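Here the structure comes first, spelled out in structure tokens, and everything after it is commentary.
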Amino acid sequence: MLNFLSITLAGGSRQTPQGETSNLKWQWLGEGILMLTPHNVYTQSVVISAGIHGNETAPIEIVNQLVSDLLADKLPLAVRLLVILGNPPAIRAGKRYLTADINRMFGGRHQNASSSDETQRAAFLEQVVVNFFDADNYSTRQHFDLHTAIRGSHHTRFGLLPYQTVPYCADMFRWLQDIELDALVMHTSAGGTFAHFSSEFCSAASCTLELGKARPFGENQLAQFKGIIAGLEALVSRRQLPARATGKILMYRVVKSLLKQHSDFKLLVADDTLNFTPFKRGTLLSEQPNDSYHVQHEMEWILFPNPQVAMGLRAGIMLVQMNETELPIA
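Per UniProt numbering: the sequence shown = residues 1 to 330.
Laid out in structure tokens, this is it:
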């Protein structure tokens, strides 16, 4: 049986470009890119991506198992599905990226970066996703980009909603609640992420999912991800998920991006600071020539603190809590 991850790691996909099972047709669209179409009628087109960062292995293993179950007819397919392993060379190397972070390049930002295999990959992924959605204008569109974080977190599993000028999809929000996410973060400005690209340029209901801490292949305990695994299975088979059993999902919105704009930039937090660590009003968090940032609200929470980022990129994101009623949903 076709093994999505093994073939991708081996640099294959062209020897047997397409095939079918009793429930679906499958077709390679490129390295690490597989389209699956059910024989039966469908009303949804879904993109599930992982491996945009090559060392984030748990999502890659989750997606590979999902594809294996679909191809073995263990799981019925009821949506048109595009599955993507975003950065195969980085996956093979076990590195976040080789030259530059693909998840800062989408929305055409790759055109402003030094040319590399990764800028070319970002451009190719954009075109593949646009073509996939444009090929069927009658189905609803969803995209979930799976990641793990560099550091630990007070919220192990959380989602990041891209900035939108229109309300978020109510069905997607219910699904995010029912897969037992701990928290949901709403961006308030455009970004270069894969999920933002599919939202802005394809009008897809999109979300980046952070599923714990990055670990090497073989060190992931997939039992820890039973909520997202069950959620993805329900998503592609159009099954109903059980309602959320735990407390309400915590909601945050972005109030500040700490941009590294000088070589003397300093992020004034400990190296082992966890995601969603709170800081009180007035706390000095970053310094660089002619610029500093003190916490402006009674309490702010930091996300993705990383002073080692390249110049011009964000070294952290500051959040405030919000009520569920503040999230525009339709």
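Glycine is no exception: its CB is placed at the ideal position from the N, C-alpha and C atoms. The structure displayed is predicted, hence computed values, not measured ones.
First and last residue of the uninterrupted alpha helix (DSSP H) at residue i
i	result
residue 225	No alpha helix (DSSP H) holds residue 225; DSSP gives it neither H nor E.
residue 183	Careful: residue 183 lies outside any alpha helix (DSSP H), inside the beta strand (DSSP E) at 183 to 186.
residue 57	57 to 71
residue 93	88 to 93
residue 198	194 to 202
residue 6	4 to 9
residue 172	170 to 178
Residue of the options minimising C-alpha distance to residue i
i	options	result
residue 161	149, 152, 145	145
residue 151	221, 275, 293, 7	275
residue 154	296, 304, 49	304
residue 28	39, 11, 40, 43	11
residue 223	62, 36, 38, 316	62
residue 65	250, 55, 117, 50	50
residue 196	217, 218, 180, 164	164
residue 315	327, 4, 267	267
residue 288	306, 261, 148, 298	261
residue 6	19, 45, 68, 233	68
residue 128	81, 257, 172	81
residue 242	309, 176, 292, 298	176
residue 23	41, 96, 257, 76	76
residue 193	110, 230, 167	110
residue 208	97, 217, 172, 237	172
residue 313	294, 256, 168	256
residue 311	100, 74, 88	100
residue 387	36, 319, 3	Nothing can be reported for residue 387, as the shown portion of the chain is limited to 1 through 330.
residue 186	41, 325, 45	325
residue 125	327, 269, 32, 72	32
residue 40	309, 236, 327	236
residue 217	159, 59, 105, 211	59
residue 319	212, 263, 184	184
residue 136	273, 211, 203	203
residue 264	286, 230, 121	286
residue 72	4, 115, 212, 167	4
residue 278	300, 88, 93, 284	300
residue 97	38, 309, 232, 327	309
residue 205	139, 302, 122, 34	139
residue 119	87, 133, 143	87
Extent of the continuous beta strand (DSSP E) to which residue i belongs
i	result
residue 27	24 to 30
residue 331	Here the chain covers residues 1 to 330 and nothing more, so residue 331 does not appear.
residue 189	Premise fails: residue 189 is in no beta strand (DSSP E) and is neither H nor E.
residue 45	44 to 50
residue 81	80 to 85
residue 156	First-last for residue 156: undefined, no H or E at that position.
residue 38	33 to 38
residue 246	Residue 246 -> no beta strand (DSSP E), and no H or E assigned at all.
residue 208	205 to 213
Reduced DSSP secondary structure (H/G/I, E/B, other) of residue i
i	result
residue 233	helix
residue 150	coil
residue 21	coil
residue 15	coil
residue 325	helix
residue 240	coil
residue 53	coil
residue 142	strand
residue 96	coil
residue 103	helix
residue 137	coil
residue 164	coil
Distance between beta carbons of residue j and residue i, contact taken as under 8 Å
i	j	result
residue 178	residue 157	Rounded, the Cβ-Cβ distance is 13 Å, inconsistent with contact.
residue 239	residue 180	16 Å between Cβ atoms; not a contact.
residue 215	residue 57	6 Å
residue 79	residue 198	That pair is no contact at about 15 Å.
residue 321	residue 252	6 Å
residue 130	residue 188	Rounded, the Cβ-Cβ distance is 25 Å, inconsistent with contact.
residue 95	residue 54	5 Å
residue 293	residue 258	6 Å
residue 107	residue 200	6 Å
Next on the checklist: Runs of 4 residues minimum, wholly inside the UniProt domain "AstE/AspA barrel-sandwich hybrid" (249 to 321): which ones carry the alpha helix (DSSP H) assignment?
Outcome noted: Runs of the alpha helix (DSSP H) inside the UniProt domain "AstE/AspA barrel-sandwich hybrid" (249 to 321): none found.
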